[in-house]
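Worksheet: the structure to be examined is printed underneath.
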Amino acid sequence: MKKGLTLMITLLLLLPMVSVWAGGQQEGTATAEETETVAVPEVKLDYGKPSGDLEIFSWWAGDEAPALNALIDLYNDNYPQVEVINATVTGGSGVNAKAVLKTRMLGGDPPDSFQVHAGQELIGTWVAAERMLDLTPLFESEGWMDVIPEDLINLIGTENGIWSVPVNVHRSNVMWYIPENLEEWGVEAPQSWDEFLEIAEDLEAQGVTPLSLATNWTVNHLWESVALGVLGADKYDGLWNGELSWTSDEAVEVWATLDEVLEYTNDDFSSLSWQQATDLVVGGDAAFNIMGDWAAGYMSTTLNLEPGSDYSWAASPGTDGVFMFLADSFGFPKGVKNPAATLAWLKTCGSKKGQDTFNPLKGSISARTDSDLSKYNDYSQSAAEDFADNRIVGSLAHGVTANEGFMNDFATVMEMFLNNRNPEQAANAAQAIAIQNGIVSR
Amino acid sequence: MVGSKKNTVYSMLILLPSLILLLVFVYGFIGNSFYVSLTDWGTGAALRENPVKNLIGLENYRQLFTGAIHERFRQDLINAIFYSLFLVAGTLGLGLFLAIMLDKGPKGENILRTIFLFPMALSFVVTGTIWRWIFSPKGGVNLIPTWFGMERGDFLWLSSREKVALFNWQSVPQIIAFILFVIFAFMLYGGWKNGRKTQTVWGAVLSGLMLFYAAVLHYLLPPILPYAEFHGFSLATVGIIIAAVWQYSGYTMALYLAGLRGLPVAMYESAKMDGAGDITYYLKIAIPNMWPITLSAIIIISHISLKLFALIFSMAGADNASTGHPSVLMYLITFRANNFAVGAAISVILFLMAALFIIPYLIQSYRARR
Amino acid sequence: MSQNTLRRVSPIVYVMVLAAMVIFLVPIYMALITALKNPAEINLATAWNLPSYPYWQSFVEAYNMLLPSLRNSLVLTITGTVLSALVGSINGFVFSKNRFRGSEVVFTLFLFGMFIPYQIILIPLFQLLRAIGIYGSLYGLILAHVVYGIPITTLIFRNFYDQIPDSIVESARLDGAGFFGLYGRLFLPLSVPGFVVVGIWQFTQIWNEFLWGVTLTKQSSQPVTVGLAQLAGGQAVNWNLPMAGSFLAGFPVLLIYIFFGRYFIRGLLAGSVKE
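Protein chains in written order, with the numbering used here: chain U, 2 to 443; chain F, 319 to 688; chain V, 1019 to 1293.
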């Protein structure tokens, strides 16, 4: 019996060893292949007539679904032979969708096209992994080089190519409120965080939550608005290009301000969705909410409120004149099953008609400079004006300025901060993850 | 029973496909994950079709236990231990209580048994969805006080950040050394009492070493973290624990009920003759006699407690750090942060925690069969 | 204690069991009333109140949304259950009645697979499924469920066959029954209760599984647990749908459980207490 046991234990120990060895062998050959791939594959412009199935992967469901459906309808009008499979994975800000997408890409089963935040989220993950086709020929043949702002093209491209077609532009640094309520409470939208903190005292005395907040990622969203307000655009950019240290006094000040602001938010924020945080403002329980302008889509389309009169907005405190943007985009993964239909989809996404169909419903503005503004509501028109003449910076919470590794680690740092509210420690941890994820060189 | 030679050949042939599948899918895959955990798969181009993986030894593990950015992992590990403890205590306690009640033979026993057991048939996703609603901060159980004219409760069941029983992560080696000291001291005591010489010597040496570490060495060595980091029992996990106990108490009830019914009637009668009341009978006779059942229930429930992924995912969300568990973190780190190697390291740690229960169980059942 | 002890049951016992019963049914009550409310009527402050009228539309909507994943789950669960039960049965026969030198060691090697946390095999599993070209399809999930089901099905069948006296096997062998004759003509017909136990066990396990469902499938092959998580994971506004969905997702296992409850318990016991 002893013998049997010994044998069993030996086997148990041996087998992993064997597979480690086998694994090692396999990896060895893989690295050899690695060095051979150099050229960046480009998209072709002649995959033939689109037909068959086209699978579009996104996290637009619920309130955001009508916009996507309208875009799909437009696509089907042009390409009736193609059956569009609308694969949506729900969950705030695409957190769950990204996980599913990754298993699919790793599993060698890319959807024909997928939604991805333009910027580092796409580049740091999928372009770095050499999973995308260069879309430069498409941009040139469709004339997009001339109608999409150069700043934006720079953000969705690298020196090796352009990697996705932006379908919209959202603004992140917006503060929402109900004008009627503010009047009743006798306050105005604050111009700086200091002003906010003064007003907040007053509001709290009236039994109103000064700022409504929701689940985890919306705290990161708030952070970026606070950072922009405290630092200003140049220094905010400095965090991402290495000119401003994450441990500098200014950066610590961002966390300290956030700490003060958090005192004036609803206690149960972690258990709310972003829509519920908006509902708090609409329902008169809270005065302000800082959220991207998809909140305008939610209030206009789902809650049937009139922009400008029923609800209103201002740049988040201290960020007037700066447009913190994020954009959703669609790319062309390598090895898709239906390249012809995918190409047609990207053309639809980038077209003027496509953008002007999608964006009014989504509450966003077109990434093109030639869009027909009459189709958009008051909010979007004002956003489009700001986009045209404001200083543009990228959003952290929505994947423009930093790669996914940093974003994930940043969520951990935020969690740490929410637990101990120690600005110094948060700043140090942020510096550590910035180094680790290659945002800042050592 | 041992059959003929021909039978043996057939037997082996029959088992061969299953054996090969299990060798690959269980042992091979575990080995592979272990290998991945020793690499740096997860830098920049992690999602390439043929990613470059360099062996970096135990660095990922070192980072998890002592790296500044893996604070969540350490809290999740603590959570996992508390989940296991409370789930085992809760299901065993409630299960035993229900079993004793049913053992009394109330009318409608079949219906009652079905009611207590049905949650077990449900998926964690179903359970999680329903309980999430019940634990909404402004509804569900928080409304119960209003029935009695009191204020609505304001406990944030699934998102509270409060922690109790705080301790410093820097003291963990000391705590472990102290626990080992107690264990070895018992070993010393047992050896000395029963006159086993080797056991006494080893017990003395090891307990001495542990005591030395805890009392002296720990203060001389550099701390495992450069700063104090406090962890504890996260109150947000209470909601998850309640849901899990609800789901699995019926299971332990069924085990104990079968156990109680399996005890000879004579045992009960003779206890009664000796003047023992019901409470004495259950406490002093029935429960100790059901020790094997308790043991296997502990093993099964601890093992279930390591699989809370689906429950936490659907009830509190993967992002909710207050209710975190290493299995959820593994999912996030692997599929969100693209850090496959660290994800694999977490899965290996989970596996080792499970092995703590499995291997003794397997050895014991192997011995029992021989 | 015997079931037939004729004793008066104390009222305290009744009070306790009834209280426990009420508490155990609370989640079902909450799920049912919420599912039957019109979305407009759902309000956290009135979460415990009965719906003013039953809004059956929730179930229709949830059913329509879950239909594809329900269908997937049904195919997946039935195929997976049948295959793993067959494999478990013949394996159990070998381990119980055809032991050979080292068979106990092999059996222990088998059992090990029953307890591993599935996170540890996740990454290699989808790499393998991808390599053999069945990643993202139902086949991949079925394969995983059959393979990781082998340990428990083998264990249950082995315990089941252990109850068949060796003497019967001996005399059948003396009458000239070979390995397959013995299994096919004697054991298989006797195995019906074993199959029921294993079937129920595997059915619930596979039906309820989530981790592989969420990582190894694509939209078209999602099982119902993932479908439900999607339904509940969006915005927590229309709570009637996830609640109705919970009923639909829980219904098949509950049905089986109510009709075959006795075997279910036996299956549980076989998986744990049996030596």
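Heads up, the beta-carbon is just placed ideally off N, CA and C, and yes, glycines get one too.
Return yes when the Cβ of residue j is within less than 8 Å of the Cβ of residue i, no when it is not.
i               : j               : result
W224 (chain U)  : L259 (chain U)  : yes
F343 (chain F)  : Y1166 (chain V) : yes
L46 (chain U)   : T358 (chain U)  : no
D410 (chain U)  : I374 (chain F)  : no
I332 (chain F)  : I1170 (chain V) : no
V1027 (chain V) : G423 (chain F)  : yes
S1070 (chain V) : E1079 (chain V) : no
G1202 (chain V) : A1103 (chain V) : no
L327 (chain U)  : S271 (chain U)  : no
W241 (chain U)  : I434 (chain U)  : no
S645 (chain F)  : F627 (chain F)  : yes
V90 (chain U)   : I73 (chain U)   : no
D269 (chain U)  : L476 (chain F)  : no
Y265 (chain U)  : P211 (chain U)  : yes
G471 (chain F)  : P463 (chain F)  : yes
Ends of the alpha helix (DSSP H) at residue i?
i               : result
T484 (chain U)  : With chain U covering 2 to 443 only, the question about residue 484 (chain U) has no answer from this structure.
N242 (chain U)  : N217 to N242
G526 (chain F)  : K515 to F530
K354 (chain U)  : K353 to K363
A439 (chain F)  : A439 (chain F) -> no alpha helix (DSSP H), and no H or E assigned at all.
I418 (chain F)  : E389 to D421
M585 (chain F)  : V583 to M591
Q1145 (chain V) : Q1137 to A1149
Opposite residue i in the DSSP bridges: which residues?
i               : result
W177 (chain U)  : U:N290 and U:W314
E84 (chain U)   : U:D54
P167 (chain U)  : U:S330
R1 (chain U)    : Residue 1 (chain U) lies beyond the residue range present for chain U, which begins at 2 and ends at 443; the question has no answer from this structure.
S351 (chain F)  : According to DSSP, which records beta bridges pairwise, S351 (chain F) is partnered with nothing at all.
D135 (chain U)  : U:E43
P308 (chain U)  : U:Y312
L373 (chain F)  : F:T357
I366 (chain U)  : U:V170
S59 (chain U)   : U:T89
G162 (chain U)  : U:T159
T1235 (chain V) : V:G1154
T266 (chain U)  : U:L212
Ends of the beta strand (DSSP E) at residue i?
i              : result
R392 (chain U) : R392 to G395
A483 (chain F) : K481 to N486
S213 (chain U) : T210 to S213
G550 (chain F) : F548 to S552
Using only the heavy atoms of the ligand MG, determine whether one of them is closer than 7 Å to the beta carbon of residue i.
i               : result
P1260 (chain V) : Summarising the ligand content, the structure contains no ligands, and the ligand MG is consequently not present.
(message) Would the segment 1062-1082 of chain V count as touching the segment 1096-1103 of chain V if we require 3 or more Cβ pairs under 8 Å?
(response) no
(request) Could you name each continuous beta strand (DSSP E) segment of 3 residues or more that falls completely within the segment 89-132 of chain U, going from the start of the chain to the end? (result) As far as the segment 89-132 of chain U is concerned, its whole beta strand (DSSP E) runs of at least 3 residues are 114-118.
(message) In chain order, what are the residue ranges of uninterrupted alpha helix (DSSP H) at least 4 long that sit wholly in the segment 606-660 of chain F?
(response) 609-623, 627-633 and 644-653
(request) Would you check if the segment 114-123 of chain U and the segment 1237-1246 of chain V touch, i.e. whether three or more CB-CB distances between them fall below 8 Å? (result) no
(message) With a threshold of 8 Å, are at least 3 pairs of Cβ atoms found where one atom belongs to the segment 279-297 of chain U and the other to the segment 134-146 of chain U?
(response) no
(request) Mind the definition here: the segment 431-438 of chain F touches the segment 570-587 of chain F only if three or more C-beta pairs lie below 8 Å; say whether that holds. (result) yes
(request) List in chain order: all unbroken alpha helix (DSSP H) runs of 4+ residues lying wholly within the segment 1161-1211 of chain V. (result) 1184-1192
(message) I'd like the ranges of any beta strand (DSSP E) spanning at least 3 consecutive residues and lying wholly in the segment 450-500 of chain F.
(response) DSSP runs (the beta strand (DSSP E)) wholly in the segment 450-500 of chain F: 481-486.
(message) Does the contact criterion of 3 or more C-beta pairs under 8 Å hold for the segment 522-540 of chain F versus the segment 369-385 of chain F?
(response) no
(message) Tell me whether the segment 244-254 of chain U and the segment 321-336 of chain U touch, counting them as touching only if at least three CB pairs, one residue from each stretch, are closer than 8 Å.
(response) The segment 244-254 of chain U, when compared against the segment 321-336 of chain U, does not touch it at the 8 Å Cβ threshold.
(message) If contact is defined by three or more beta carbon pairs under 8 Å, each pair taking one atom from either stretch, is the segment 289-298 of chain U in contact with the segment 195-215 of chain U?
(response) yes
(request) Indicate whether the contact test is met: 3 or more Cβ pairs, each with one atom in the segment 640-657 of chain F and one in the segment 560-568 of chain F, closer than 8 Å. (result) no
(message) Can you confirm whether the segment 445-454 of chain F touches the segment 554-561 of chain F when touching is taken to mean that 3 or more C-beta pairs between the two stretches lie within less than 8 Å?
(response) yes
(request) Evaluate the contact criterion for the segment 343-361 of chain F versus the segment 655-662 of chain F: three or more CB pairs, one atom per stretch, below 8 Å. (result) yes
(message) I'd like to know if the segment 1134-1141 of chain V and the segment 665-673 of chain F are in contact, where contact means that at least 3 CB-CB pairs between them fall below 8 Å.
(response) yes
(request) Could you tell me whether the segment 544-555 of chain F touches the segment 599-614 of chain F, where touching means 3 or more Cβ pairs closer than 8 Å? (result) no
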